[in-house]
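I have placed the structure first, in the form of structure tokens, so that the comments after it can refer back to it.
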């Protein structure tokens, strides 16, 4: 999937899914899992999700939103949005190269 | 049952992680179905959180207290004594081979021995500032209270007695060092344990009001002792390099491990007294 960075390790793919989920607005863990399952078909478990959240927060790509509720929402930061843009661009290049080599033409009937 | 197991697995996460994410994950567990893969995922997540503890927002570096580390290191050092200091074939071979390089081998052995002796003596003398402050207080004069002196003096006596008992018992039970190289290295194995036993007194003094300057002086002397020990091992290292061809693999491994543990122990001992992070020289504890 996305280009792996040593800091994110095996959480690279999950981190990308989280960034995509948060790109449309702040969410807490439960809503992130549901959203990610909906748009990617990937069912995340809590340990994996929070492993990725911890790394994303450490890198400053997401941040918690202050709330008095038990469920703490997270939002994507400007740095996170920039990283997401780069990762999606990489994916786009990979997708185009793959489609060209496989002779696929998306959208062709 | 599965939810209960999941809640128990959450307890395996590091405390800073639980403080930061515990409620959120507990909430997720309560709101979603818990399956076997959830449990495996949580167990893996706990291992990951421990392995990458420094990534947890707000986590402080994990510090193993010297009271746990030093006894374990000392025990390992004692275990390495026989394959290191008493391994006659390698020690004699290395000594003979090094002697071929002239008088430098003998000078290196003497240097190592002297440095280790100085380190040990400095370690014992590091208790002197505590004694010179505590003794006048017992007679009703001095800068600290009589009660404070009554706490510190017994600690000094116990530390000194422990050093004495250790050396007597060790020399009775352990095999003697083989050859001049073994004798030169022996101090490198014994000094760290001596300093670790001495540490008891400054630990008590650091928690006793009025002893802050003495604890600092003690820490300085222990730091100099640590430097002497490191230099002593450096001399041993050069000596070994001169006769490397005669050393067996097992002997070299034991000596290398002994040197690393020895230097690590003396450094940790000095740091425990000097660094505030060790909570020994912290003003909050000493005044």
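Residue numbers (our numbering), protein chains in the order written: chain A, 843 to 951; chain B, 325 to 611.
The C-beta atom is built at its ideal place from N, Cα and C for all residues, glycine as well.
Closest by CA to residue i, which one among the options?
i, options, result
"residue 640/B", "403/B, 556/B, 369/B, 488/B", "It is not possible to answer for residue 640/B, since the shown part of chain B is limited to 325 through 611."
"residue 917/A", "926/A, 904/A, 908/A", "904/A"
"residue 405/B", "426/B, 358/B, 581/B", "581/B"
"residue 541/B", "342/B, 459/B, 597/B, 351/B", "597/B"
"residue 583/B", "489/B, 566/B, 400/B", "400/B"
"residue 911/A", "550/B, 340/B, 588/B, 351/B", "351/B"
"residue 587/B", "578/B, 553/B, 576/B, 566/B", "553/B"
"residue 493/B", "392/B, 346/B, 402/B, 378/B", "402/B"
"residue 526/B", "515/B, 544/B, 509/B", "544/B"
"residue 434/B", "474/B, 357/B, 510/B", "510/B"
"residue 369/B", "925/A, 881/A, 894/A, 946/A", "894/A"
"residue 922/A", "883/A, 940/A, 898/A", "898/A"
By a C-beta neighbour count over all protein chains shown, 10 Å radius and 16 as the cutoff for buried, is residue i buried or exposed?
i, result
"residue 501/B", "buried"
"residue 538/B", "buried"
"residue 943/A", "exposed"
"residue 411/B", "buried"
"residue 870/A", "buried"
"residue 909/A", "exposed"
"residue 469/B", "exposed"
"residue 602/B", "Because residue 602/B carries a pLDDT of 42, less than 50, the predicted location of this residue cannot be relied on, and the following value inherits that uncertainty. By the 10 Å Cβ count, residue 602/B comes out buried."
"residue 859/A", "buried"
"residue 907/A", "exposed"
"residue 453/B", "buried"
"residue 929/A", "buried"
"residue 885/A", "exposed"
"residue 879/A", "exposed"
"residue 947/A", "exposed"
Looking at chain A, is there any beta carbon in it that lies within less than 9 angstroms of the beta carbon of residue i?
i, result
"residue 456/B", "no"
"residue 341/B", "yes"
"residue 332/B", "no"
"residue 399/B", "no"
"residue 327/B", "no"
"residue 369/B", "yes"
"residue 434/B", "no"
"residue 570/B", "no"
"residue 384/B", "no"
"residue 356/B", "yes"
"residue 365/B", "yes"
"residue 603/B", "Any reading at residue 603/B must be qualified, since the residue scores a pLDDT of 43, below 50, and its modelled position is unreliable; the value itself is stated next. Not an interface residue."
"residue 467/B", "no"
"residue 538/B", "no"
Under 9 angstroms between the Cβ atoms of residue i and residue j?
i, j, result
"residue 896/A", "residue 380/B", "yes"
"residue 524/B", "residue 461/B", "no"
"residue 902/A", "residue 372/B", "no"
"residue 448/B", "residue 486/B", "no"
"residue 394/B", "residue 593/B", "yes"
"residue 891/A", "residue 856/A", "yes"
"residue 560/B", "residue 590/B", "no"
"residue 427/B", "residue 419/B", "no"
"residue 505/B", "residue 564/B", "yes"
"residue 347/B", "residue 914/A", "yes"
"residue 443/B", "residue 558/B", "no"
"residue 512/B", "residue 436/B", "yes"
"residue 363/B", "residue 392/B", "no"
Using 9 angstroms as the limit for Cβ to Cβ distance, is residue i near chain B?
i, result
"residue 875/A", "yes"
"residue 798/A", "With chain A represented from 843 up to 951, any question about residue 798/A goes unanswered, as that position is not in the structure."
"residue 854/A", "no"
"residue 890/A", "yes"
"residue 899/A", "yes"
"residue 883/A", "no"
"residue 887/A", "yes"
"residue 867/A", "no"
"residue 858/A", "no"
"residue 895/A", "yes"
Taking the alpha-carbon positions, what's the residue i to residue j distance?
i, j, result
"residue 533/B", "residue 459/B", "15 angstroms"
"residue 571/B", "residue 387/B", "37 angstroms"
"residue 445/B", "residue 535/B", "22 angstroms"
"residue 378/B", "residue 336/B", "16 angstroms"
"residue 383/B", "residue 344/B", "9 angstroms"
"residue 425/B", "residue 566/B", "7 angstroms"
"residue 474/B", "residue 332/B", "46 angstroms"
"residue 354/B", "residue 925/A", "33 angstroms"
"residue 432/B", "residue 397/B", "26 angstroms"
"residue 514/B", "residue 423/B", "25 angstroms"
"residue 843/A", "residue 338/B", "Confidence at residue 843/A is low in this model, with a pLDDT of 47, below 50, so the placement of that residue is unreliable and no value is reported for it."
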